[in-house]
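Asks:
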Amino acid sequence: MKEIWDLATSGPMLPMTILLVPIGIYWLLSIIGAVDHDMLGVDLDGADGHHGADAHHDGNPISEVMHGALRILNAQGVPVMIVLSVLIAYLWGCSMLGNLWFNKSLSGGTGFLVSLGALFSAVVLTRLTVTPLKPVFRMMQEDPESTKPVLGRTGVVRTALVNEREGQVEVENSGASLLLNARVAIGSPPLSRNTPVLVVSYDEPSGIYTVRSLSETS
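Everything in the sequence shown is counted per numbering that gives the first Met the number 0, starting at 0 for the first residue and increasing by one.
1. For Glu165, does the count of other Cβ atoms within 10 angstroms reach 16, so buried, or fall short, so exposed?
2. Do Glu169 and Leu178 count as a contact pair if the criterion is CB distance below 7 angstroms?
3. Check each candidate in Met15, Lys1 and Met80 and name the one with the smallest Cα separation from Phe111.
4. Over the uninterrupted beta strand (DSSP E) stretch that includes Leu197, give me the two end residues.
5. With distances taken from CA atoms, which of Ile24, Leu28, Val135 and Leu90 is nearest Pro78?
6. Mind checking which residues open and close the beta strand (DSSP E) that includes Gly154?
7. Between which two residues does the beta strand (DSSP E) containing Ser212 stretch?
8. CB-CB under 8 angstroms to Thr8, same chain, minus the five flanking residues each way: which ones, in chain order?
9. Taking the C-alpha atoms as reference points, what is the distance between Leu197 and Ser214?
10. Please state whether DSSP places Glu169 in a helix, a strand or coil.
11. Return the CA-CA distance between Asp128 and Tyr25, expressed in angstroms with no decimal places.
12. CB Gly116 to CB Gly97, shorter than 7 angstroms?
13. Measure the Cβ-Cβ separation of Arg182 and Thr158 and say whether it is below 7 angstroms.
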């Protein structure tokens, strides 16, 4: 145990070990219900892969980087924090093994090369891990029986924004609260949190609803 601790806190490994701390805190707070899953301002549905090269960008560089990373990891539709947690866990594990096998002296130069190899391995392993999860999370987020009834109903934006690339709205349906993956129509302005919306259409292949502000329909 002491050997593992010494390696985990050594110079080449310390940055990877530090990355585990906020992830561990996040999931601990999630377990006790003390964290808002939208606290990072990123949709839990990740990014959607049905947008082509002509898709409009919202201009947020952090959002653009996040969407690009999710595409590389083939993780569209998987909660961002799950993807990030899996990636960092693999990165830490691969770095530990790499330094244990190839950098017994724990030198910085070799440690850097090990970290690069660990990052590549972590990306590959994360893709293999999250890809089977995509249909699972889609099934969790969707209720096929509720598709038609919610059309024409009103709801409220629950994420920081609903735009052409991301967003979620909450709709009351037969007394049950439904959290739907939603987008605005192409060319429409983004809708901010708590904006009242109307559900106007549903795209079955992507599982995405199109919404518009109630003020646009009045």
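Beta carbons: idealized from backbone N, C-alpha and C, even for Gly.
It should be emphasised that the depicted structure is a prediction, and the values quoted were computed from it without experimental measurement.
Replies: Short version:
1. buried
2. yes
3. Of the candidates Met15, Lys1 and Met80, the one whose C-alpha sits nearest the C-alpha of Phe111 is Met15.
4. First-last of the beta strand (DSSP E) with Leu197: Pro195 to Asp202.
5. Val135
6. First-last of the beta strand (DSSP E) with Gly154: Thr153 to Val156.
7. Ile207 to Ser212
8. Same-chain partners within the cutoff: Thr16.
9. 9 angstroms
10. strand
11. Looking at the sequence provided, one finds Thr at residue 128 rather than Asp. Near 20 angstroms, if we compare the C-alpha coordinates of Tyr25 and Thr128.
12. Taking the C-beta atoms as reference points, Gly97 is found nearer than 7 angstroms to Gly116.
13. no
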